[in-house]
Amino acid sequence: LAVAPDGEHVVLVNGIEAGLVQLRRDPVGGGLSLQESYFDAAAPGIDLGIAVALAPDGRHVFVASGSTGAGARQLTVYTRRAPDPVFGFLETDRQGDAGGSVTGLLSPADIATSPDGKHVYSVSLGDGALVAFARDARRNGDDTGGEHLLLLQSYVDGVNGVAGLARASRVMVSPDGAWVLVSSEDNN
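With the sequence shown counted from 1, adding 37 to any position gets you the numbering used here.
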């Protein structure tokens with residue numbers, strides 16, 4: 038569940054029914070009404086969707102999927118196009134992409150963005166990892182060529198002195214962007 042920066046929209050993912058849903062909030066009464074929904078084949082990368090995040094500028098929606106099968110789309114980016122805003126598929130980042138250099142995306146459990154919108158972080162329950170991406174917010178929403186997220190680094194539990202990420206389950210970024218905090222089911 039994620040709330041748009043303007044407070045007007047709520048976005049959620051339903052992993053059981055493979056759905057991405059956007060609700061509009063009534064500014065007077067506060068009630069929610071369905072604005073848009075994508076289910077299954079109409080929305081790539083939401084099968085077994087487990088987490089959703091919105092960029093601070095509201096332009097991108099990030100969906101983490103627990104899908105691990107062949108062709109699984111572990112991290113998918115959608116644009117929110119004005120005026121409504123309507124979803125538009127942009128790209129998918131998968132375990133093993135970029136010649137195998139993308140690691141730590143097996144069964145992601147959570148996703149977060151930095152307050153300035155320049156970074157996106159995902160944690161992997163399956164890999165015990167934290168993956169950091171740079172976000173190119175300048176890319177036009179109509180650009181379907183991808184590369185809105187560029188891999189910066191994968192931190193994997195037990196590799197190169199990294200510890201405490203076994204079964205990493207939640208990630209958040211401090212309000213000033215100075216800290217990335219990760220909770221784990223097996224470590225402190």
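Idealized CB from N, CA, C, for every residue including glycine.
Asked: For S159, report the span of its beta strand (DSSP E) as first-last.; Found: 156-161
Asked: Who are I148's beta bridge partners in DSSP?; Found: S159
Asked: Rounded to the nearest angstrom, how far is the Cβ of T113 from that of V193, given a contact under 8 angstroms?; Found: Actually they are not in contact, since the Cβ atoms of T113 and V193 sit about 22 angstroms apart, beyond 8 angstroms.
Asked: Between P212 and the rest of its own chain, which residues show a CB-CB distance below 8 angstroms, the 5 nearest in sequence each way excluded?; Found: P152
Asked: Measuring straight from C-alpha to C-alpha, what distance separates L71 and A88?; Found: 19 angstroms
Asked: Exposed or buried, G86, counting other C-beta atoms within 10 Å across all chains shown (16 or more means buried)?; Found: buried
Asked: Can you tell me the Cβ-Cβ gap for S27 and R207, rounded? I've got them flagged as a contact below 8 angstroms.; Found: One cannot answer for residue 27 here, as it falls past the ends of the chain, which runs 38 to 225.
Asked: Apart from the five residues just before and just after V50, which ones in its own chain have a Cβ nearer than 8 angstroms to its Cβ?; Found: G56, L57, V58, I83, G86, I87, A88, V89, V100
Asked: Just verifying my parser: in three-state terms, what is the DSSP assignment at D121?; Found: coil
Asked: Put D173 into one of helix, strand or coil per three-state DSSP.; Found: coil
Asked: Grab the span of the beta strand (DSSP E) containing S191 for me, first residue to last.; Found: 186-193
Asked: So S174 and R96 are supposed to be a Cβ contact under 8 angstroms. How far apart are they, rounded?; Found: Correcting the residue identity first, residue 174 is Ala in this sequence and not Ser. The pair is a contact, with the Cβ atoms about 7 angstroms apart (cut-off 8 angstroms).
Asked: Taking only three categories from DSSP, how would you classify D130?; Found: strand
Asked: According to DSSP, is T116 part of a helix, a strand, or is it coil?; Found: strand
Asked: Looking at the secondary structure, which residues open and close the beta strand (DSSP E) in which N51 lies?; Found: 46-51
Asked: Can you tell me which residues form a DSSP beta bridge with R207?; Found: S220
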